[in-house]
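Undergrad: One structure is given below, represented as structure tokens, and several questions about it will come after.
Protein chains: 2
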Amino acid sequence: MSPALSPRWKRLEPDERREQILECAARLFGERPYAEVSTTDIAKEAGVARGLLNHYFGQKRDLYLKVVKRMLLMPGLETSVTMTGTLRERVEKSVEWYLDTVATHGKTYVAVTGMGGIGADPEVERIISEADDVAAVRTLEFLGLKIEVGSDARHRAMIRSYGGLVKATIREWIRGETLSREDAHLLLSEALIVIVRDVFPQLAQQPAPARGEARTPKTGPKR
Amino acid sequence: MSPALSPRWKRLEPDERREQILECAARLFGERPYAEVSTTDIAKEAGVARGLLNHYFGQKRDLYLKVVKRMLLMPGLETSVTMTGTLRERVEKSVEWYLDTVATHGKTYVAVTGMGGIGADPEVERIISEADDVAAVRTLEFLGLKIEVGSDARHRAMIRSYGGLVKATIREWIRGETLSREDAHLLLSEALIVIVRDVFPQLAQQPAPARGEARTPKTGPKR
DNA sequence: TAGCTTGTTGGCGGAGCGTCAACAGCAAGA
DNA sequence: TCTTGCTGTTGACGCTCCGCCAACAAGCTA
Numbered sequence: 001m002s003p004a005l006s007p008r009w010k011r012l013e014p015d016e017r018r019e020q021i022l023e024c025a026a027r028l029f030g031e032r033p034y035a036e037v038s039t040t041d042i043a044k045e046a047g048v049a050r051g052l053l054n055h056y057f058g059q060k061r062d063l064y065l066k067v068v069k070r071m072l073l074m075p076g077l078e079t080s081v082t083m084t085g086t087l088r089e090r091v092e093k094s095v096e097w098y099l100d101t102v103a104t105h106g107k108t109y110v111a112v113t114g115m116g117g118i119g120a121d122p123e124v125e126r127i128i129s130e131a132d133d134v135a136a137v138r139t140l141e142f143l144g145l146k147i148e149v150g151s152d153a154r155h156r157a158m159i160r161s162y163g164g165l166v167k168a169t170i171r172e173w174i175r176g177e178t179l180s181r182e183d184a185h186l187l188l189s190e191a192l193i194v195i196v197r198d199v200f201p202q203l204a205q206q207p208a209p210a211r212g213e214a215r216t217p218k219t220g221p222k223r
Numbered sequence: 001m002s003p004a005l006s007p008r009w010k011r012l013e014p015d016e017r018r019e020q021i022l023e024c025a026a027r028l029f030g031e032r033p034y035a036e037v038s039t040t041d042i043a044k045e046a047g048v049a050r051g052l053l054n055h056y057f058g059q060k061r062d063l064y065l066k067v068v069k070r071m072l073l074m075p076g077l078e079t080s081v082t083m084t085g086t087l088r089e090r091v092e093k094s095v096e097w098y099l100d101t102v103a104t105h106g107k108t109y110v111a112v113t114g115m116g117g118i119g120a121d122p123e124v125e126r127i128i129s130e131a132d133d134v135a136a137v138r139t140l141e142f143l144g145l146k147i148e149v150g151s152d153a154r155h156r157a158m159i160r161s162y163g164g165l166v167k168a169t170i171r172e173w174i175r176g177e178t179l180s181r182e183d184a185h186l187l188l189s190e191a192l193i194v195i196v197r198d199v200f201p202q203l204a205q206q207p208a209p210a211r212g213e214a215r216t217p218k219t220g221p222k223r
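Shown next, in the form of structure tokens:
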């Protein structure tokens, strides 16, 4: 009689459903702080039972991790672009690209990279830190710097620190609107130039001490 | 007989009790993320009933706010110190002072200023942002800069952005241990110098546009 | 010692989250 | 078309955490 009596819910492929939930979660996490987005909200937004979130992502924290990962997985710098020109030209091009990329992601980027996240969760920090590191390596590559491997770790740490400047500046630009894009571009370019040109050479001079103790390993490894 | 049968709990002055609870809370918030510190933990740490936290601080969030405020209320820069010498000397002295101050607070500072906090809570952000602003103004004063009021807001925004670099660098130093104190000092000094010396003059040249629209206000303010 | 002020306790009710057994969409076989 | 089975999906149960509040008791005062 009644032709099939439309089903109460639609059955999707796992990947489809996962993707759909991820999108809804990303949107909500971009609008409100982590703690103020309940799994009920996300489930409702996706038109799905709350338990399904756990089925696909485990804990709420894991779902948030996926959102962060996706947000930080930006299209890579076009390293194929001819990276010629002066240091300043390369730096400004790099900054230009980054500002463009961030502008498209908008508030969600700010929310995820800033304090808008979950809090000092070790896993979240690891993810973001890794992403920062990838960005750092990309930046170094993009600038065409050949660094000897010995001090590479410190250079990367420097660039990660620079990432802090980048994020703070972008926050001032996107949210606070206290800086214009030109201001941000100027600040970030000058800072990056001085780091690469002035700080790195000085770093290279130092004997790259391994920091802390762990010198004189004669007494045994266990301390 | 038994001399007074010691009471089950001691009655304190409100200020004392408040202070005691604040200390315990600060310690725990420094050790674990916000979400993983339950009010029960704090109450237990302070040897007090959980309900008392609400009595003195209202919500858990408000207690955290108090902790953040206390943490950011650092002893001011000794502006009385003779601020003579070259720009580089003043900058290096400023950075020196800041690194010293942070070193004493250690992990709690990192936890509070970094992503170790509550998340994108508007109130927390406002507090931290205000503290950043105070730090920015102090820094400008300390550097002995006389800025015309017109572009003052932008300069402060720049210094707040610089604060992002400071925090990230300190994180690399304190937690990651990927940078030595000398590395941090070098990076922060050079960056601050280039901002004050190269970025600010360029900023001052621009006509300080009020940003965004709100130009040609003839069509009406409501848009 | 009796009384009063108020710092403090402990339990109630609600909200959010993880788990899990049962349900149902839907495709393949008879 | 009916049946069967796989598995995507649901909904409720139990736990933990938090804000609230009436009752309790520490300790000063007369």
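Chains as they are written, first to last, in full-length UniProt numbering: chain A, 1 to 223; chain B, 1 to 223.
Quick reminder that beta carbons are idealized off the backbone N, C-alpha and C, glycines included.
#1: Compare the Cα-Cα distances from A/I170 to each of A/Q59, A/R156, A/Y98 and A/V196 and report the closest residue.
#2: If contacts are defined as beta-carbon pairs under 8 Å, then B/Y162 and B/A184 qualify, I think. What distance do you get, rounded to the angstrom?
#3: What would DSSP say about A/W97, mapped onto helix, strand or coil?
#4: Out of curiosity, what's the CA-to-CA distance linking A/E125 and B/F200?
#5: Decide if A/E78 is buried, meaning its Cβ has at least 16 other Cβ atoms within 10 Å, or exposed.
#6: Smallest Cα separation from B/K167: which of A/I174, A/D100 and A/M158?
#7: Less than 8 Å between CB atoms is the rule here; does A/I159 satisfy it with respect to chain B?
#8: Which value, in whole angstroms, describes the spacing of the CA atoms of B/R90 and B/S189?
#9: With distance defined between alpha-carbon atoms, name the residue in A/D133, A/I127, A/E19 and A/L187 nearest to B/H155.
#10: Extract the residue ranges of the alpha helix (DSSP H) inside the segment 18-62 of chain A, only unbroken runs of 4 or more that lie entirely within it.
#11: Between A/D152, A/T178, A/A135 and A/L87, which has its C-alpha nearest A/G164's C-alpha?
#12: Suppose you measure from the CA of A/R181 to the CA of B/Q202; what does that come to, to the nearest Å?
#13: Counting only beta-carbon separations shorter than 8 Å, does B/K167 have a partner in chain A?
#14: Tell me whether A/L143 sits in a helix, a strand or coil according to DSSP, three-state version.
#15: Please return the same chain residues whose Cβ sits closer than 8 Å to the Cβ of B/V196, not counting the five positions on each side in sequence.
#16: By the three-class DSSP mapping on this structure, what secondary structure does B/E182 have?
#17: Smallest Cα separation from A/R160: which of A/L22, A/A131 and A/V95?
#18: Is it right to say B/K66 is buried, meaning 16 or more other beta carbons lie within 10 angstroms of its own, or is it exposed?
#19: Going by beta-carbon coordinates alone, are A/L72 and A/I128 separated by less than 8 Å?
#20: Rounded to a whole number of angstroms, what is the C-alpha to C-alpha distance between A/E36 and A/E141?
#21: Spatial neighbours of B/L63 within its chain, please: CB distance less than 7 Å, with the 5 preceding and 5 following residues excluded, ordered by chain position.
#22: Check this for me: beta carbons of B/T39 and B/K69, under 8 Å apart or not?
#23: Which residues in the same chain as B/R211 place their Cβ atom closer than 8 Å to its Cβ, once the five residues preceding and following it in sequence are excluded?
#24: Would you say A/G164 lies against chain B (beta-carbon separation less than 8 Å)?
#25: Listing by chain order, which chain B residues have their CB less than 8 Å from the CB of A/D183?
#26: Out of B/R175, B/L179, B/T139 and B/D133, state which residue places its alpha-carbon closest to the alpha-carbon of A/T178.
#27: Roughly how many whole angstroms lie between the Cα atoms of B/E96 and B/A46?
TA: This is what the structure gives:
#1: Of the candidates A/Q59, A/R156, A/Y98 and A/V196, the residue whose Cα lies closest to the Cα of A/I170 is A/Y98.
#2: About 14 Å separates the two Cβ atoms, so there is no contact after all.
#3: Here A/W97 sits in helix by DSSP.
#4: Rounded to whole angstroms, the gap between the alpha carbons of A/E125 and B/F200 is 33 Å.
#5: Summary for A/E78: the model assigns pLDDT 49, below 50, so the residue's position carries little reliability; its value from the coordinates is reported in the next sentence. Its Cβ having fewer than 16 others within 10 Å, A/E78 is exposed.
#6: Residue A/M158 is the option with its Cα nearest to B/K167.
#7: At least 8 Å separates the CB of A/I159 from every CB of chain B.
#8: Going by the C-alpha atoms only, they are around 10 Å apart.
#9: With distances taken between Cα atoms, B/H155 lies closest to A/L187.
#10: Contiguous alpha helix (DSSP H) elements confined to the segment 18-62 of chain A occur at 39-46 and 50-57, taking only those with 4 or more residues.
#11: Here the closest residue by C-alpha is A/A135.
#12: In a straight line, the C-alpha of A/R181 is about 14 Å away from that of B/Q202.
#13: With 8 Å as the cut-off, B/K167 counts as an interface residue toward chain A.
#14: Note: A/L143 maps to coil in three-state DSSP.
#15: Excluding residues within five positions, the ones whose Cβ falls inside 8 Å are L87, V91, L143 and L145.
#16: B/E182 falls in the helix class under three-state DSSP.
#17: The shortest Cα separation from A/R160 among A/L22, A/A131 and A/V95 belongs to A/A131.
#18: By the neighbour-count rule (16 or more Cβ atoms within 10 Å), B/K66 is buried.
#19: Contact check for A/L72 against A/I128 passes: the beta carbons are separated by less than 8 Å.
#20: Distance from the CA of A/E36 to the CA of A/E141, rounded to the nearest whole angstrom, comes to 39 Å.
#21: So the qualifying residues of the chain are A25, L53 and F57.
#22: With respect to the 8 Å criterion, B/T39 and B/K69 are not classified as neighbours on the basis of their beta carbons.
#23: Here the model assigns B/R211 a pLDDT of 42, short of 50, so the residue's position is not dependable, and the following value carries that caveat. Cβ neighbours of B/R211 beyond the five flanking positions: none.
#24: Yes, A/G164 lies at the interface with chain B (some Cβ there is under 8 Å from its Cβ).
#25: R154, A157, M158 and L203, listed in chain order.
#26: Check the Cα spacing between A/T178 and each of B/R175, B/L179, B/T139 and B/D133: the tightest is with B/D133.
#27: Between B/E96 and B/A46, the C-alpha separation is close to 35 Å.
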